[in-house]
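Notes to accompany the following structure.
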Amino acid sequence: MRIQDFALKYNLPTHEVEGLKDRARFWARENLAEKLLIFIYCQVFGMFPGGYENETIEEEILQNIRLLIQDELQSANTTWSSVKIATFTNALITNLSTALQNLFTQAISEEASIRENDDLHLSNNLMAVINNEATARILNDAEIVGQLNDHKSNISNPHSVTKEQIGLGSVIDALQLTVLDILTSHTSTATNKAASAYSVKQLADQIHTINEILSSDDVDLDTLQEIVNLIKENAVDLATYATGKVNVSDIVNDTDSEIANKPASAGTVFRLNVDKANKSDTYTKSEVDTALGGKRNSGNIPAAEVNETTSRRFVSDAEKDQWNNIIHDLGNISGSVAAISLNAKRTFKATLTGNVTFSEISGGSEGNVYLIRLKQDATGGRTVTLPSNIIIPSLETPDLGANKRSLLTVYKDETDFIGSWKKGW
Numbered sequence: 000m001r002i003q004d005f006a007l008k009y010n011l012p013t014h015e016v017e018g019l020k021d022r023a024r025f026w027a028r029e030n031l032a033e034k035l036l037i038f039i040y041c042q043v044f045g046m047f048p049g050g051y052e053n054e055t056i057e058e059e060i061l062q063n064i065r066l067l068i069q070d071e072l073q074s075a076n077t078t079w080s081s082v083k084i085a086t087f088t089n090a091l092i093t094n095l096s097t098a099l100q101n102l103f104t105q106a107i108s109e110e111a112s113i114r115e116n117d118d119l120h121l122s123n124n125l126m127a128v129i130n131n132e133a134t135a136r137i138l139n140d141a142e143i144v145g146q147l148n149d150h151k152s153n154i155s156n157p158h159s160v161t162k163e164q165i166g167l168g169s170v171i172d173a174l175q176l177t178v179l180d181i182l183t184s185h186t187s188t189a190t191n192k193a194a195s196a197y198s199v200k201q202l203a204d205q206i207h208t209i210n211e212i213l214s215s216d217d218v219d220l221d222t223l224q225e226i227v228n229l230i231k232e233n234a235v236d237l238a239t240y241a242t243g244k245v246n247v248s249d250i251v252n253d254t255d256s257e258i259a260n261k262p263a264s265a266g267t268v269f270r271l272n273v274d275k276a277n278k279s280d281t282y283t284k285s286e287v288d289t290a291l292g293g294k295r296n297s298g299n300i301p302a303a304e305v306n307e308t309t310s311r312r313f314v315s316d317a318e319k320d321q322w323n324n325i326i327h328d329l330g331n332i333s334g335s336v337a338a339i340s341l342n343a344k345r346t347f348k349a350t351l352t353g354n355v356t357f358s359e360i361s362g363g364s365e366g367n368v369y370l371i372r373l374k375q376d377a378t379g380g381r382t383v384t385l386p387s388n389i390i391i392p393s394l395e396t397p398d399l400g401a402n403k404r405s406l407l408t409v410y411k412d413e414t415d416f417i418g419s420w421k422k423g424w
């Protein structure tokens, strides 16, 4: 049977016919064309052409196999022997069994794959939900802990609790102190503690005593510092006066005695004051202060106050530096160097870290000799350009070698400097 006839007989759709052609090319045989086409159709589409007539696909397959075998046996053009029938039947059953087994295996594999994918998808979704829930709970727990801590640290009565609600309706609405809150020390600097009545009494007594002293008309003790000094100077006597009495026999009534620790009589004190008033060489405190104020007790003496003579001259620090030949260190120099004055120093030194141009060398005194020591740095090759008032022999130059030292000696002439380079060190 041709595939076209087979398709017409079973009313197959076009896409099934096309698929059947590819499979039938391999399986179709002359004497078994229709049987094999039906078998192939069953293998490809999982059912017989034309739909099911029995309850299950297995019964449908067996029914059609019996019909196929019967059709072949009753064919007038085919001679069947028992051996051939057995061979045909066994081969057909074997092929059909193999096809069914493959079909079942494929179906089971596809179902397992689908379920595995579904399980994996479900597992991933479940894990995502669990992770999201765990994260949400962690965040929620952290938020709850934060809110709880904030609530614990809130001391501004967040619940608006009244003292009546907690049985304190009769308590005075004021800060309550305990004995431990009251300070008796006069050295405490606490600003949130109460002072005891005893401490306040002591302070009040001291203030009263000070006020009495300040309001006194005693002109000899008219400042608080004078009072303090008097107490310090007479601490021993004051202690004695506070604990004992003075005998009349201990009072000295003359001005010639030098007995220590004896009180003078009122008459003696009066005579001393009269004698002091009659002395022409006595001075008041203000007169003494004025006299002492014009005297220098420390500090430099201005040059204008020094009377110079042939044996006594005013000497400046600059002159002392010249006499002592103090070296003026110019440090590391390069590029244009500001004017060098020879008025203050006679010896100079510097390290050349680049080519140097001295813009001006001036000052000094005629007849004096001045030295400038220049040293090359570790690189060397640093040139030196001098101002025009320094006259150097044309063939003399400084040493340009690394770390080499050169000495420039200049003599102060009438209008310029006569110089010379020495090198080799």
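Residue numbers (numbering that gives the first Met the number 0): 0 to 424.
The beta-carbon is built from N, C-alpha and C at its ideal position, and this holds for glycine as well.
Query	Result
Reference A317; option with closest CA among G334, I300, N299, L341	L341
Sequence-distant residues of its chain with Cβ nearer than 6 Å to K8 (five each side left out)	none
Which of helix, strand or coil DSSP assigns to L407	strand
S335, buried or exposed, once every other Cβ within 10 Å from all chains shown has been counted against 16	exposed
8 Å Cβ cutoff met for D415 and I391	no
CA-to-CA distance, V383 to S358, given in whole angstroms	11 Å
I371 classed as buried or exposed, judged by whether at least 16 other C-beta atoms fall within 10 angstroms	buried
Whole-angstrom C-beta distance between D376 and T350, which should lie under 8 Å	6 Å
Of the residues N331, I300, K344, the one placed nearest K319, counting alpha carbons only	K344
Span of the beta strand (DSSP E) around A263	Note, A263: premise wrong, no beta strand (DSSP E); not H, not E.
Three-state secondary structure assigned by DSSP to Y369	strand
Residue environment, R381, which counts as buried when at least 16 other CB atoms sit within 10 Å	buried
Sequence-distant residues of its chain with Cβ nearer than 6 Å to V16 (five each side left out)	A6
Under the three-state DSSP convention, the category D4 falls into	helix
Neighbourhood of P397 by C-beta, 7 Å cutoff - its chain only, sequence neighbours within 5 removed	L373, V383, S405, W420, K422
Beta-carbon separation (whole angstroms), A196 vs L182, contact threshold 8 Å	Not quite, the Cβ-Cβ distance comes to about 12 Å (not below 8 Å), so this is no contact.
Residues of its chain near I339, where Cβ-Cβ distance is below 6 Å and the 5 sequence neighbours each way are ignored	I360
Close-in-space but distant-in-sequence residues of the same chain around S387 (CB under 7 Å, 5 per side omitted)	none
Nearest candidate by alpha-carbon position, reference I325, set K348, L125, T308, A337	K348
Whether G379 touches L399 by CB criterion (8 Å)	yes
Sequence-distant residues of the same chain with beta carbon closer than 7 Å to S364, five excluded per side	K411
Which listed residue (S333, T346, V305) has its alpha carbon closest to that of V323	According to the sequence provided, residue 323 is Asn. The question's Val does not apply to it. Ranking S333, T346, V305 by Cα distance to N323 puts T346 first.
Inter-residue CB distance, D204 and K192 (contact presumed, cutoff 8 Å)	Not a contact, Cβ separation roughly 21 Å.
Separation of V368 from V506, as counted between CA atoms	For residue 506 there is no data in the structure shown, the boundaries of the chain being 0 and 424.
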